[in-house]
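*Asks:* My questions will all concern the structure given below.
Chains as they are written, first to last, in my numbering: chain A, 991 to 1465; chain B, 41 to 233.
So, in structure tokens, the structure goes:
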């Protein structure tokens, strides 16, 4: 009876707080805190690790009511051990990249013991250690070796209470790819703790203004290593990633007409996908990588088409004299959300991937566009016109609630979800009126600026993978 | 589904009525004063309703001067045949691709020029202001260009003379982020190929 009432209370808290905020963790109600943590109890620890998402989700629910931020699992980053020609500087770089990656995962509060002594009031440590349930003592021990430009990075996930190793892995690659190796380690740590894939290896492609025109660029998920990937000296717009992270489709005016091009990233080779009269825009890859939707006016009006990437066959999905644009796939690949002005102004509609079962999303705003379906499936981010310009909103498919994420900061457009579904990339004119790429948490907090050159739009966030060739040394 | 299509039909009817009305009006003007091209163009430039005319400084093809023999060989019954090949940019309301009354008049002028030069090929380029997404504005610019083309064709211009392209919001005419700048950017331009 005691147990039952306690369970009920937990569930009630869970439900009450879940409603306005979003992500639902159904298991959270069934796993009850506190567990007594004993150093000698390894099975118990493993159990905690295994279900950690759910446990911390429950804690998170409590926290979120007060701070509207995530509770993170604290992890100590032990000083990097150096082997062979590895320098102190290299070790520090490993720690800095790892720190940033783990923090960006939204799941972990990484801290370094040195840092905490030097700066005991740091917000990060406070967040990490002042959780209501007390800290769980986990640590990451990294070892880096450098021999003839080859890096060997070893990562250990430790229970620092008893010194046991929970997971151990070795990453090998080129000195130039240090970031990528550390990203892989960070993703494995996140994966061990949460079962999720992380986001450190993902990239963001975007449209950037150049002196002559607009070209396609890409950068790491945190804005590092930006580079221009097309030099077509024409308008090149709206890049979209393939599921394997090897190809980008985009609209290019290189031939004088808006056509669809494919960029193969590893040999950096560009080819036509569609060159035909009329507009071809807004490409979107299906989650299985076997189909592409895009907008074409080949039948006289902007309609959404489906292309089979294997045999290039085309199928028309929408049939309406109004504009149909901006298709975005659900993570299951069964549905597509898109924009249509069939009611007189742009509104969001959902249809099945065959073009059937059309229905409007119940969003009570007058100008809605640029929908992006969350990889978790439960939310659709979109842009709506507001008095100050444009702002990013999120529609919750389970509650039908609409939440505004940005406000009073220029125009905010082009939302694109991170592969883990925790963050959104977007373009904003909040600084200086010029458009740059930013990311934020799905609840609108923790806004980070990634570009500073202006003229950057249409961010497209890849899945969390890299072609294997990228780990190799360039000769 | 019923309601929007009915409304759409009503709007189409109204548009058609407007077109016929303006066609009759322009016919009356042509037959009434078969004088010089000036009498034809002055009503447009004198029109005080929209300030857009005054801020339309760019001729579509400034460097182009029509060869003399082409002008002679053109249809002599058209009064505009002597006119330079000068096509006027038309403007649109926010998030709209239907033609305003000013646009209809300018298009009627453009149609006369095109009919006088049946061998000329033009591209109608649809543009939008910076508000809204890249994808939606590309589609909207396409709608605008096609609206202009369709009206030219309805006035007797050969559809093979006119092709369309959309630049969405990618090539603004005025990059000041103001209502007056946006108004200049929501346009369809006519370029000779």
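Ideal Cβ placement from N, Cα and C applies to all residues, glycine included. Just so we're clear, the structure is a prediction, and the values are computed from it rather than from any experiment.
By Cβ distance below 7 Å, which residues in the same chain neighbour residue 1456 of chain A in space, the five residues on each side in sequence not counted?
*Replies:* Cβ within range, chain order: 1170, 1191 and 1235.
*Asks:* Give me the Cα-Cα distance between residue 1511 of chain A and residue 1178 of chain A, rounded to the nearest whole angstrom.
*Replies:* Only positions 991 to 1465 of chain A appear in the structure, and residue 1511 of chain A is not among them; the question remains open.
*Asks:* Classify residue 1201 of chain A as buried or exposed, calling it buried when 16 or more other Cβ atoms lie within 10 Å of its own Cβ.
*Replies:* Residue 1201 of chain A comes out exposed.
*Asks:* Thinking C-beta only, is residue 179 of chain B closer than 9 Å to residue 138 of chain B?
*Replies:* No, Cβ-Cβ distance for residue 138 of chain B and residue 179 of chain B is not below 9 Å.
*Asks:* Out of A/1078, A/1079 and A/1101, state which residue places its alpha-carbon closest to the alpha-carbon of residue 1089 of chain A.
*Replies:* Nearest option by C-alpha distance: A/1101.
*Asks:* Could you compute how far the alpha carbon of residue 1149 of chain A sits from the alpha carbon of residue 1156 of chain A?
*Replies:* Going from the Cα of residue 1149 of chain A to the Cα of residue 1156 of chain A covers about 7 Å.
*Asks:* Can you list the residues of chain A that residue 162 of chain B reaches, using a CB-CB cut of under 8 Å?
*Replies:* Within chain A, no residue comes near residue 162 of chain B; the closest Cβ sits about 14 Å away, beyond 8 Å.
*Asks:* Could you tell me which of A/1355, A/1368 and A/1309 sits nearest to residue 1347 of chain A, measuring between CA atoms?
*Replies:* Per the Cα distances, A/1309.
*Asks:* According to DSSP, simplified to helix, strand and coil, what is residue 1212 of chain A?
*Replies:* The answer is coil: DSSP assigns residue 1212 of chain A none of H, G, I, E or B.
*Asks:* I'd like to confirm the pairing. Which residues does DSSP put opposite residue 1446 of chain A in its beta bridges?
*Replies:* DSSP, once it has assigned bridges, lists A/1198 as partnering residue 1446 of chain A.
*Asks:* Exposed or buried, residue 1482 of chain A, counting other C-beta atoms within 10 Å across all chains shown (16 or more means buried)?
*Replies:* The first residue shown for chain A is 991 and the last is 1465, placing residue 1482 of chain A beyond what the model contains.
*Asks:* Would you check if the distance between the CB atom of residue 1135 of chain A and the CB atom of residue 1085 of chain A is smaller than 9 Å?
*Replies:* Going by C-beta atoms, residue 1135 of chain A is not nearer than 9 Å to residue 1085 of chain A.
*Asks:* Could you name the residues that DSSP lists as bridge partners for residue 152 of chain B?
*Replies:* Per DSSP, none; premise fails for residue 152 of chain B.
*Asks:* Does any C-beta atom of chain B lie closer than 9 Å to the C-beta of residue 1243 of chain A?
*Replies:* Chain B, which has a Cβ nearer than 9 Å to the Cβ of residue 1243 of chain A, makes this yes.
*Asks:* Give me the DSSP bridge partner(s) of residue 1342 of chain A.
*Replies:* For residue 1342 of chain A, which the question treats as bridged, DSSP gives the partners A/1325.
*Asks:* From residue 1269 of chain A to residue 1306 of chain A, what does the alpha carbon distance come to, in whole angstroms?
*Replies:* Spanning the two alpha carbons is a distance of roughly 15 Å.
*Asks:* Taking the continuous alpha helix (DSSP H) assigned at residue 1129 of chain A, which residues delimit it?
*Replies:* Looking at the DSSP string, residue 1129 of chain A is not in any alpha helix (DSSP H); the run it does join, the beta strand (DSSP E), is 1128-1137.
*Asks:* Within the 9 Å Cβ cut-off, does residue 1207 of chain A reach chain B?
*Replies:* So no, residue 1207 of chain A is outside the interface.
*Asks:* Count the C-beta pairs between the region 1443-1450 of chain A and the region 1199-1217 of chain A that are closer than 8 Å, then say yes if the count reaches three, no if not.
*Replies:* Yes, since at least three Cβ pairs between the region 1443-1450 of chain A and the region 1199-1217 of chain A fall closer than 8 Å, the two stretches touch.
*Asks:* Please state whether DSSP places residue 1390 of chain A in a helix, a strand or coil.
*Replies:* Coil, per DSSP.
*Asks:* Using 9 Å as the threshold, is the C-beta distance between residue 176 of chain B and residue 1313 of chain A below it?
*Replies:* Contact: yes.
*Asks:* At a Cβ cut of 7 Å, what residues of the region 1311-1322 of chain A count as close to chain E, listed as they run along the chain?
*Replies:* The structure shown contains no chain E; its protein chains are A and B.
*Asks:* Of the residues that make up the region 147-177 of chain B, which ones have a beta carbon closer than 8 Å to any beta carbon in chain A?
*Replies:* Here the close residues are 171, 172, 173, 174, 175 and 176.
*Asks:* According to a CB-to-CB cut-off of less than 9 Å, which residues of the region 187-212 of chain B neighbour chain A?
*Replies:* Taking 9 Å as the Cβ-Cβ cut-off against chain A, the residues of the region 187-212 of chain B that qualify are 203, 204, 205, 206, 207, 208, 210 and 211.
*Asks:* Considering only the alpha carbon of each residue, which of A/1082, A/1073 and A/1460 lies closest to residue 1142 of chain A?
*Replies:* Considering only alpha carbons, the answer is A/1073.
*Asks:* Ordered along the chain, which non-local residues of its own chain (more than five positions away) have a Cβ less than 8 Å from that of residue 1164 of chain A?
*Replies:* Excluding positions up to five away in sequence, the list reads 1139, 1140, 1141, 1461, 1462, 1463 and 1464.
*Asks:* Taking the straight line between their C-alpha atoms, what separation do you get for residue 1066 of chain A and residue 1180 of chain A?
*Replies:* Going by the C-alpha atoms only, they are around 14 Å apart.
*Asks:* On the DSSP letters alone, give me the boundaries of the alpha helix (DSSP H) that residue 222 of chain B sits inside.
*Replies:* That run of the alpha helix (DSSP H) goes 219-225.
*Asks:* In whole angstroms, what separates the C-alpha of residue 1231 of chain A from that of residue 201 of chain B?
*Replies:* The alpha-carbon atoms of residue 1231 of chain A and residue 201 of chain B are separated by roughly 38 Å.
*Asks:* In the DSSP assignment, find the unbroken beta strand (DSSP E) run with residue 1157 of chain A in it and report its ends.
*Replies:* Residue 1157 of chain A -> beta strand (DSSP E) spans 1154-1164.
*Asks:* Touching or not, the region 1365-1376 of chain A and the region 1321-1335 of chain A, by the rule of three or more beta carbon pairs under 8 Å?
*Replies:* Yes, they touch.
*Asks:* Measure from the C-beta of residue 1443 of chain A to each C-beta in chain B and report whether the shortest distance is under 9 Å.
*Replies:* Chain B, which has no Cβ nearer than 9 Å to the Cβ of residue 1443 of chain A, makes this no.
*Asks:* Sort out for me which residues DSSP pairs residue 230 of chain B with in a bridge.
*Replies:* BP columns for residue 230 of chain B point to B/164.
*Asks:* Name, going along the chain, the residues of the region 1368-1380 of chain A whose beta-carbon falls closer than 9 Å to a beta-carbon of chain B.
*Replies:* Listed by position, the residues of the region 1368-1380 of chain A near chain B (Cβ gap below 9 Å) are 1373, 1375, 1379 and 1380.
*Asks:* Any residues in the region 1191-1217 of chain A with a beta carbon nearer than 8 Å to a beta carbon of chain B? Which ones, in chain order?
*Replies:* Hits within the stretch, in order: 1197 and 1204.
*Asks:* Of the residues that make up the region 213-232 of chain B, which ones have a beta carbon closer than 8 Å to any beta carbon in chain A?
*Replies:* Those residues of the region 213-232 of chain B that come within reach of chain A (Cβ to Cβ, closer than 8 Å) are 217.
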